[in-house]
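Going down the list, the sequences are from chains A and B. Residues in the first sequence are numbered consecutively from 1, following my numbering. Residues in the second sequence are numbered consecutively from 1001, following my numbering. First comes the structure, then the notes that go with it.
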Amino acid sequence: MDFKDLNDMLFSNSSSQESYASAWDDQLLEEDLLDEAMEDELILWDPEDSPVLTPATSGQDTDSYLPSHVTETDGEEILLTSSDSTCGVRDKNWVVARVGEFLERIVDALVENSGQLSIILKTRSGITRRKTEYTDQNGLMPVPKTMEITFPGGTTQEAWKFTVLVRILELIHKCLIDDVTMTKRDIYYRHPNLFLKQSVVDRYVDDIACTLSISRSQLNVTAAAKGLVAGNFTIWRPDGTEVNGLHEKEGILIPKIQASDTLNLSSVHWILIIEKEATFHSLLSSVPWNFMSSQGVAMTAKGYPDLASRRFLRQLSDHSPHIPIFAFVDFDPDGIAIMLTYMYGSYRLAHENVTHTGLPALNLPDLRWLGVKTHHICHTSATESITERGTLADTQGLMRLTARDRKKATQMLEWDLCKEDNPQPKWRTELQAMLVLNIKAEMQILETRPGGIATWLSKQIEVQQDPALGKDGAALYPFQPSSDDGLLF
Amino acid sequence: MSKQYLTLHTIDDAHPSDIFALAPTSTQVLSASGSSSIRIYSTTDPEFPLVQTLEGAHPLGIHHLATAKESPKAASAGFEGKVKAWGSDESGEWRLEGEIVDQNKPGDVWAIALSADGQYLASSSINGKVNVWSLNKAEGFPKIREYETKGSFGLCVDLSQDGRFTASGHENGSIYVFNNDTGRLSHSLAGLVSPIRTVSFSPASKLLAAAGDARIIALYDVNSGEQVANFTGHSGWVLTLDWSATGEYLLSGSHDSKAKVWRIETRSCVATHSHGDKPLWTAKWLPRNVRSEMFALGGGNNAISFYREAAG
Chain A
1 MDFKDLNDML FSNSSSQESY ASAWDDQLLE EDLLDEAMED ELILWDPEDS PVLTPATSGQ
61 DTDSYLPSHV TETDGEEILL TSSDSTCGVR DKNWVVARVG EFLERIVDAL VENSGQLSII
121 LKTRSGITRR KTEYTDQNGL MPVPKTMEIT FPGGTTQEAW KFTVLVRILE LIHKCLIDDV
181 TMTKRDIYYR HPNLFLKQSV VDRYVDDIAC TLSISRSQLN VTAAAKGLVA GNFTIWRPDG
241 TEVNGLHEKE GILIPKIQAS DTLNLSSVHW ILIIEKEATF HSLLSSVPWN FMSSQGVAMT
301 AKGYPDLASR RFLRQLSDHS PHIPIFAFVD FDPDGIAIML TYMYGSYRLA HENVTHTGLP
361 ALNLPDLRWL GVKTHHICHT SATESITERG TLADTQGLMR LTARDRKKAT QMLEWDLCKE
421 DNPQPKWRTE LQAMLVLNIK AEMQILETRP GGIATWLSKQ IEVQQDPALG KDGAALYPFQ
481 PSSDDGLLF
Chain B
1001 MSKQYLTLHT IDDAHPSDIF ALAPTSTQVL SASGSSSIRI YSTTDPEFPL VQTLEGAHPL
1061 GIHHLATAKE SPKAASAGFE GKVKAWGSDE SGEWRLEGEI VDQNKPGDVW AIALSADGQY
1121 LASSSINGKV NVWSLNKAEG FPKIREYETK GSFGLCVDLS QDGRFTASGH ENGSIYVFNN
1181 DTGRLSHSLA GLVSPIRTVS FSPASKLLAA AGDARIIALY DVNSGEQVAN FTGHSGWVLT
1241 LDWSATGEYL LSGSHDSKAK VWRIETRSCV ATHSHGDKPL WTAKWLPRNV RSEMFALGGG
1301 NNAISFYREA AG
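If you want it as structure tokens, here you go:
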């Protein structure tokens, strides 16, 4: 695990960053960090400084949260889930009722001094795709692990965990009752010295959603948008405001599309997902983008996609299912894992993929892989066959796999999605080619092509959707005339 | 002066994914790919039928497969990091003989090669180490030689037919020849700077051919360590090399799907064939039988093609 990952994990506001079942060591480190942070900083965290834990809605006695009020007698176990898992609609009222009821029971238990409280949370953090035993028989969703938080706990850490959980539940309850949406970042900033770091909030929020078998947005909690989007789309809000993807030269933050908004995608012929922000900006500042932007939408979630970005894409796709969506990612194990996250979601956040009707909500299984693939790199090298001197790694932007890359690629070969009986063997093939050649390449390798990445992308998109273009007679890019449509020139 | 080779037969969909290795015996060709099984095709029947499948040999796919020239032995290396030894009986049926488990952690073994008598297996590894194992089953496949290099990924390895030498090609362009009798480095050959993806000893163990991303095939004298020839002509990375049984010809395959046949005497390319538009991972001569000289190609188009020398 390199420093960049560590950095992402610790400081990205993202949080929303869904690491797609990343390597074990990553997770282990994550756990370690979490624990370490707790232990190190708990000393610093003086209860005196801590924010007053005022239940937002109930106005209960705050002191009741302190352990001194509780004498140890018989334990009580509180299950956040309702026993009738078959219950039909988990709508907003149901969620409010569950969360409220849960808070009430905690307070009751504390007031009655009924002894040790035990809260059972379900969690999917720390589950990887690799461990297939977590997958249920249908292979649809990993079975979550359970985690027990007791109060009063044996250690300060357990007390802290309990406080964090109760505080987050309170905030969520208030959001639901007031019908406002909070970002995970907002929650963190309410009590930074309690939560210590963003990932703590992220984890508990996800675990609460997982325990209730609902999606995080049903808790009225969203990730802070981190994605950027640009292109020829318009969203009209009921209040008359308009969001237009062409207004900002640099792209706009991924907007939230509400049910009451009107979406116009009539000029959009393709949607392009770009793994990295730098490449996204490079496309937007290129000359071909002037033409391309009138016909399509480009977006980036800056690495592993957050839920907000995935939801936005899914909403565009639901609105106009005929628009093809392409992925342009690095030729390395993470690039493929990022693409798979767009397509099938994060394994650890599988509860986000459930709608009221039980249909997957955010996946984009029809996403098409535009590049970078082995043969793109191969062609690059063929054009430079004269260059016999110097290593390829130097001249063509090819890089050797690191030990971590090789480990990750090998682990990915064990994922169900990359198993040999998977109907789409291309990921497996590309991962194996990567391992055999021991090379990887970033998207920027195509910048050396005539016209740069933008020209390459527009050509690839055109080739990919050729049949569609032929059918609806959509205009082509002036610099890529095709036989179907010579009218423009 | 060129030679004519005709396509004799093509097995389409010989494997469900990229064919990484072909390994012939006198009557069969064993094939390995990104799928988990080894498939064995008969080369004595004009239809080249599938005669056996070793299911689930390596669950994550197989990157290397080798057969011994004069003994019914084979070995395979998979992406999960294991090396398996196989043997066949008179009927030509293959079965697992065992796994090399001696100390090696998953990923430690990459390329493999077998001696002609099938008694020794040489391997390269990601950390640059080159090892030789005895395939003596009773002794549990002990490691008998361990050669240290400078730590660059050993992409390819070969054992000379007489078993005396081990050669390895590395990602940093290094080529080493080790003397198995003394257990020492014989030569560190003037490399090609870019990754070496294939090395191959001539049948008489006098010459070593090496090639890779430099797209040049270099010939070295094994005894002196001198470079004696350069073959240029491939426009893609050279991924595979194989000497004909007599040592007269060298077969090469490239990432740009081209196979070439080189005549050693004249140092010239005498034939070029294209195997679809995908990487050509493996190219092997078939042992000479009653029929004329034949070779087989396998690669990213999932097919195995057989070629034979045109009569006359």
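Just so it is clear, CB atoms sit at the ideal spot from N, CA and C, and this is done for glycine as well. Computed from a predicted model, the values in this text were never measured in an experiment.
8 angstroms contact criterion, which residue i and residue j should meet: CB distance rounded
i: Gly1298/B; j: Pro1279/B; result: Incorrect: roughly 10 angstroms between the Cβ atoms, too far for contact.
i: Val1193/B; j: Gly1173/B; result: 4 angstroms
i: Val164/A; j: Val200/A; result: 6 angstroms
i: Leu176/A; j: Lys92/A; result: 7 angstroms
i: Ile284/A; j: Leu457/A; result: The residue asked about is misnamed: residue 284/A is Leu in this sequence, not Ile. That belief does not hold up - the Cβ atoms of Leu284/A and Leu457/A are roughly 12 angstroms apart, past 8 angstroms.
i: Gly1191/B; j: Ile1175/B; result: 6 angstroms
i: Gly1026/B; j: Pro1287/B; result: Note that residue 1026/B is Ser in the sequence shown here, rather than Gly. Contact flag correct, Cβ pair sits at about 5 angstroms.
i: Ser329/A; j: Met339/A; result: The question names Ser, but residue 329/A in the sequence shown is Val. That belief holds up - the Cβ atoms of Val329/A and Met339/A are roughly 5 angstroms apart, short of 8 angstroms.
i: Thr211/A; j: Leu121/A; result: 5 angstroms
i: Val99/A; j: His173/A; result: 5 angstroms
i: Val1177/B; j: Leu1208/B; result: 7 angstroms
i: Ala308/A; j: Thr181/A; result: At roughly 11 angstroms, the Cβ-Cβ gap does not stay under 8 angstroms, so Ala308/A and Thr181/A are not in contact.
i: Gly1118/B; j: Phe1153/B; result: Not really, about 27 angstroms apart at Cβ, beyond 8 angstroms.
i: Thr1198/B; j: Leu1239/B; result: 6 angstroms
i: Asn1180/B; j: Val1132/B; result: 6 angstroms
i: Leu265/A; j: Ile257/A; result: 11 angstroms between Cβ atoms; not a contact.
i: Ser1292/B; j: Ser1274/B; result: Not really, about 21 angstroms apart at Cβ, beyond 8 angstroms.
i: Glu275/A; j: Gly296/A; result: Going by Cβ atoms, the distance from Glu275/A to Gly296/A rounds to 17 angstroms, so no, they are not a contact pair.
Contact check, residue i vs residue j, beta carbons under 8 angstroms
i: Arg1215/B; j: Trp1237/B; result: yes
i: Cys1269/B; j: Gly1212/B; result: no
i: Ile1304/B; j: Leu1022/B; result: yes
i: Leu370/A; j: Ser317/A; result: no
i: Ile235/A; j: Phe312/A; result: no
i: Leu1251/B; j: Phe1295/B; result: yes
i: Val1083/B; j: Ala1122/B; result: no
i: Pro1072/B; j: Ser1036/B; result: no
i: Leu1159/B; j: Thr1166/B; result: yes
i: Ala433/A; j: Ser286/A; result: no
i: Arg1308/B; j: Leu1030/B; result: no
i: Asn232/A; j: Ser282/A; result: no
i: Gly1061/B; j: Gly1078/B; result: yes
i: Ala1116/B; j: Glu1070/B; result: yes
i: Thr150/A; j: Ser125/A; result: no
i: His191/A; j: Arg167/A; result: yes
i: Pro1016/B; j: Thr1043/B; result: no
i: Ala1111/B; j: Ser1091/B; result: no
i: Gly950/B; j: Ala1210/B; result: One cannot answer for residue 950/B here, as it falls past the ends of chain B, which runs 1001 to 1312.
i: Glu442/A; j: Gly397/A; result: yes
i: Tyr1120/B; j: Gly1163/B; result: yes
i: Phe326/A; j: Ile461/A; result: yes
i: His375/A; j: Ile323/A; result: no
i: Lys249/A; j: Ala301/A; result: no
i: Leu413/A; j: Arg400/A; result: no
The region 1032-1057 of chain B: which residues have C-beta closer than 8 angstroms to a C-beta of chain A, in chain order?
Gly1034, Ser1035, Ser1036
Fully enclosed by the region 138-165 of chain A, which beta strand (DSSP E) runs are 3 residues long or longer?
Listed in chain order, they are 145-151.
In the region 428-455 of chain A, which residues sit with their C-beta less than 7 angstroms from some C-beta in chain B, listed in chain order?
Arg428, Thr429, Gln432, Ala433, Leu435, Val436, Asn438
Which residues, in chain order, does the region 407-423 of chain A contribute to contact with chain B at a C-beta distance below 7 angstroms?
Thr410, Leu413, Glu414, Glu420
Mind the definition here: the region 1093-1101 of chain B touches the region 1125-1143 of chain B only if three or more C-beta pairs lie below 8 angstroms; say whether that holds.
yes
Can you list, in chain order, the stretches of the beta strand (DSSP E) that have 3 or more residues and sit fully within the region 223-297 of chain A?
228-231, 234-236, 242-244, 262-264, 270-274
Taking Cβ-Cβ distances below 8 angstroms as the criterion, which residues of the region 1147-1161 of chain B are in contact with chain A?
Phe1153, Leu1155
Evaluate contact between the region 399-414 of chain A and the region 322-338 of chain A, counting only Cβ atoms and requiring at least three cross-stretch pairs below 8 angstroms.
Per the Cβ contact rule, the region 399-414 of chain A is in contact with the region 322-338 of chain A (3 or more Cβ pairs under 8 angstroms).
Quick one: which unbroken alpha helix (DSSP H) runs of 4-plus residues sit fully inside the region 1087-1130 of chain B? Chain order, please.
Restricted to the region 1087-1130 of chain B, not a single alpha helix (DSSP H) segment is unbroken, complete and at least 4 residues in length.
Within the region 398-445 of chain A, note down every full alpha helix (DSSP H) run reaching 4 residues or more, in order along the chain.
403-413, 426-437
Under 9 angstroms, CB to CB, which of the residues in the region 138-163 of chain A have a partner in chain B?
none
Quick check on the DSSP output: what are the complete beta strand (DSSP E) runs of length 3 or more inside the region 1151-1209 of chain B, in order along the chain?
1154-1159, 1165-1170, 1175-1179, 1184-1189, 1196-1201
If the cut-off is 9 angstroms on Cβ atoms, which residues from the region 1167-1188 of chain B count as contacting chain A, listed in chain order?
Glu1171, Asn1172, Gly1173
Below 8 angstroms between beta carbons is the criterion; list the residues of the region 329-340 of chain A that meet it against any residue of chain B, in chain order.
Listed in sequence order: no entries.
At a CB distance below 8 angstroms, what residues from the region 1063-1079 of chain B approach chain A? Give them in sequence order.
Residues passing the 8 angstroms Cβ filter: His1063, Phe1079.
When Cβ atoms are compared, which residues of the region 230-261 of chain A fall closer than 8 angstroms to chain B?
Cβ contacts with chain B come from no residue of the region 230-261 of chain A.
Between the region 1110-1131 of chain B and chain A, which residues of the former have a C-beta closer than 8 angstroms to a C-beta of the latter?
Ile1126
Residues of the region 305-328 of chain A whose Cβ lies closer than 7 angstroms to any Cβ of chain B, in chain order
none
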